[in-house]
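**Q** Just passing along the structure, written as structure tokens.
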Amino acid sequence: MRIAVLSDTHLRMGKSLPGFVWEQLTQIDMILHAGDLTHIGLLEELSCLAPVRAVRGNCDNWNVSLPEHDIIECEALRIGLIHGDLGKGKSTPDRAYTAFKDTQVDLIVFGHSHTPFMEWRDGIFMFNPGSPTDKRRELHYSFGLLDIQQGKLKAKHVYF
Numbered sequence: 015m016r017i018a019v020l021s022d023t024h025l026r027m028g029k030s031l032p033g034f035v036w037e038q039l040t041q042i043d044m045i046l047h048a049g050d051l052t053h054i055g056l057l058e059e060l061s062c063l064a065p066v067r068a069v070r071g072n073c074d075n076w077n078v079s080l081p082e083h084d085i086i087e088c089e090a091l092r093i094g095l096i097h098g099d100l101g102k103g104k105s106t107p108d109r110a111y112t113a114f115k116d117t118q119v120d121l122i123v124f125g126h127s128h129t130p131f132m133e134w135r136d137g138i139f140m141f142n143p144g145s146p147t148d149k150r151r152e153l154h155y156s157f158g159l160l161d162i163q164q165g166k167l168k169a170k171h172v173y174f
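Each residue of the sequence shown is one higher than the one before, counting from 15 in my numbering.
In structure tokens form, the structure reads like this:
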């Protein structure tokens, strides 16, 4: 299963993802969005390509009921999805990890910092795709790709 991972797109009405990102989403089985979409139109566009699971970010104050966190089962893996702005912890990865500490997950996908991140922590793979539209202090825009085959995970950031 190939999964595209997005976060912190911060798109306003009438705006869309860069063409490069759309080109990369053609062979995807699922799309995860870790919050800060800022308008429903992006979810509608993405759902034309593949099933989408998304959570609410701190900038998502439009009238759509997205959960604050979600658990997605893909093959043998359980993925925790969260934005990462709420909860206990000094950093975004700490807050994301703490949010799922009492839940059996193999992977935690989070956003909020706009900083690409991947690290193993106590047997859980932590992954932040960065942002494809708002790189802030980063050198490049980015998003993530996950490949899950027979219960094994391969993850990478795509920079542009």
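All C-beta atoms in this analysis are idealised placements derived from N, C-alpha and C, irrespective of residue type, glycine included.
The model shown is predicted, which means the values in this text are computed figures rather than measured ones.
I'd like the span of the beta strand (DSSP E) that includes Ala68, first residue to last.
**A** As a first step, residue 68 must be located in the sequence shown, where it is residue number 54. Unbroken beta strand (DSSP E) run through Ala68: Val66 to Ala68.
**Q** Drop a sphere of 10 angstroms on the beta-carbon of Pro32, count the other beta-carbons inside from all chains shown, and report buried for 16 or more, exposed for fewer.
**A** Mapped onto the sequence shown, residue 32 falls at position 18. It is exposed - the Cβ of Pro32 has fewer than 16 other Cβ atoms within 10 Å.
**Q** What span of residues does the alpha helix (DSSP H) with Leu56 cover, start to end?
**A** Position 42 of the sequence shown holds residue 56. Counting along the chain, the alpha helix (DSSP H) containing Leu56 begins and ends at Ile54 to Leu60.
**Q** Taking DSSP's pairing of strands, which residues face Glu133 in a bridge?
**A** As a first step, residue 133 must be located in the sequence shown, where it is residue number 119. Answer is Met140, bridged to Glu133.
**Q** Looking at the unbroken alpha helix (DSSP H) that takes in Glu37, where does it start and where does it end?
**A** On the sequence shown, residue 37 is found 23 positions in, with the first residue counted as 1. Glu37 -> alpha helix (DSSP H) spans Gly33 to Gln38.
**Q** Use the C-beta contact count for Asp74: other C-beta atoms within 10 angstroms, 16 or more gives buried, fewer gives exposed.
**A** Within the sequence shown, numbered from 1, the residue matching residue 74 stands at position 60. By the 10 Å Cβ count, Asp74 comes out buried.
**Q** What separation, rounded to the nearest whole angstrom, lies between the Cα atoms of Phe141 and Phe124?
**A** What you label residue 141 is simply residue 127 of the sequence shown in a count that begins at 1. What you label residue 124 is simply residue 110 of the sequence shown in a count that begins at 1. The alpha-carbon atoms of Phe141 and Phe124 are separated by roughly 6 Å.
**Q** How long is the line joining the alpha carbons of Trp36 and Lys149, rounded to whole angstroms?
**A** Within the sequence shown, residue 36 is the residue found at index 22, counting from 1. Within the sequence shown, residue 149 is the residue found at index 135, counting from 1. C-alpha separation (whole angstroms): 17 Å.
**Q** Kindly indicate which three-state DSSP category Ile92 falls into: helix, strand or coil?
**A** Counting from one through the sequence shown, the residue named residue 92 turns up at place 78. Checking the sequence shown, residue 92 turns out to be Arg, not Ile. DSSP places Arg92 in strand when its eight states are reduced to three.
**Q** Roughly how many angstroms separate the alpha carbons of Tyr173 and Ser21, rounded to a whole number?
**A** In the sequence shown, counting from the first residue as 1, residue 173 sits at position 159. In the sequence shown, counting from the first residue as 1, residue 21 sits at position 7. Going by the C-alpha atoms only, they are around 14 Å apart.
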